[in-house]
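Residue numbers (the working numbering): 1 to 168.
Just so it is clear, CB atoms sit at the ideal spot from N, CA and C, and this is done for glycine as well.
These notes are about the structure you will find just below.
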Amino acid sequence: MKQFTKLHSKKWLLLALLLPAISIAAELGTALKADTLRVEPFSDAKTKGTIAKNETVEILNKKGAWLQIKTQKNTGWVRIFSVKRGTATNTNQAKGVYDVASGRASTGKVISTTGIRGLSAEELKAAKFNEEEMKKLESYATSAEDSQKFAKAGGLKAVQFAYLKGAK
């Protein structure tokens, strides 16, 4: 009986040691566009290869606005916007754009879009009001008239479009 208990506890120990490895398993993704694989997660890093649009990739790591991915031929870093998590599906692209713009997923649930702030969750929680920085921020405000003059000088033209309906 003692040997059975010893053997049984070893199996549980082995299982407990393997669980973290199983949970770390990489996630699959699909390349949204052809892009360059880089050696490091920087735009000026050396190139290591390319990925083709709709190529299935394995997402290994995330660092800021970069994903480390593995293709059939190479492993490297691409911008987070170049890869969609999950596998490719044939969906209505216009609807997808609308869903992102309106902040809604196809399930009707509000989603968040990728935003790179450069701050960790801890830094955001520890943030404090800074009156001097707020005044500096407000000093950048401009009038509608000045903005229109600036746009006209740059050759920009006004375009009318319908507003998106708000979330219900």
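Simplified DSSP state of A31, which is helix, strand or coil:
Working through the sequence shown from its first residue, we reach residue 31 at position 31. Strand at A31.
What number of angstroms, rounded off, separates the C-alpha of M134 from the C-alpha of P41?
Sequence index remark: in the sequence shown, residue 134 carries index 134 (1-based). Sequence index remark: in the sequence shown, residue 41 carries index 41 (1-based). So the two alpha carbons sit approximately 32 Å from each other.
Tell me the DSSP secondary structure of K128 in three-state form.
Locating residue 128 in the sequence shown gives position 128, counting from the first residue. Looking at K128 - three-state DSSP - the assignment turns out to be coil, as it is neither helix nor strand.
Beta-carbon proximity of V78 to D35, cut-off 8 Å
Looking up residue 78 in the sequence shown gives position 78. Looking up residue 35 in the sequence shown gives position 35. Going by C-beta atoms, V78 is nearer than 8 Å to D35.
Would you list the residues sitting across from S68 in a DSSP beta bridge?
To locate residue 68, count along the sequence shown from 1; it is residue 68. For the record, residue 68 in the displayed sequence is Gln; it is not Ser. Looking at the DSSP assignment, Q68 forms a beta bridge with N61, W77.
Note down the Cα distance separating G155 from E145, rounded to an integer number of angstroms.
By one-based count along the sequence shown, residue 155 stands at place 155. By one-based count along the sequence shown, residue 145 stands at place 145. Distance between the alpha carbons of G155 and E145 is about 16 Å.
For S82, does the count of other Cβ atoms within 10 angstroms reach 16, so buried, or fall short, so exposed?
As a working note, residue 82 is residue 82 in the sequence shown. Result: buried.
Given this structure, state the Cα-to-Cα distance separating I80 from K125, to the nearest angstrom.
If you number the sequence shown from 1, residue 80 lands on position 80. If you number the sequence shown from 1, residue 125 lands on position 125. Each residue's Cα considered, the two are about 24 Å apart.
Can you tell me the Cα-Cα spacing of E138 and F129, whole angstroms?
Translated into positions along the sequence shown, residue 138 becomes position 138. Translated into positions along the sequence shown, residue 129 becomes position 129. The alpha-carbon atoms of E138 and F129 are separated by roughly 14 Å.
Chain-order list of residues whose beta-carbon lies under 8 Å from that of T50 (same chain, five-residue window excluded):
For the purposes of this step, residue 50 is identified with residue 50 of the sequence shown, where counting begins at 1. Same-chain partners within the cutoff: A34, D35, T36, L37.
Could you tell me the distance, in whole angstroms, from the CA atom of V39 to the CA atom of I69?
Numbered from its first residue, the sequence shown carries residue 39 at position 39. Numbered from its first residue, the sequence shown carries residue 69 at position 69. Approximately 11 Å between the Cα atoms of the pair.
In the structure shown, what three-state DSSP assignment does K165 receive?
The residue labelled residue 165 in the question sits at position 165 within the sequence shown. Correct three-state label for K165: coil.
Determine which residues share a DSSP beta bridge with L137 and list them.
Within the sequence shown, numbered from 1, the residue matching residue 137 stands at position 137. In DSSP, L137 forms no bridge with anything.
Residues near K62 by beta carbon distance below 8 Å, same chain, minus five either side:
Mapped onto the sequence shown, residue 62 falls at position 62. Excluding sequence positions up to five before and after K62, its CB lies within less than 8 Å of the CB of Q68, I80, all in the same chain and listed in chain order.
S147 versus K157: straight-line alpha-carbon distance, rounded
The residue given as residue 147 occupies position 147 in the sequence shown. The residue given as residue 157 occupies position 157 in the sequence shown. Rounded to whole angstroms, S147 to K157 spans 12 Å at the Cα level.
Which of helix, strand or coil DSSP assigns to K157:
Indexing the sequence shown from 1 puts residue 157 at position 157. Looking at K157 - three-state DSSP - the assignment turns out to be coil, as it is neither helix nor strand.
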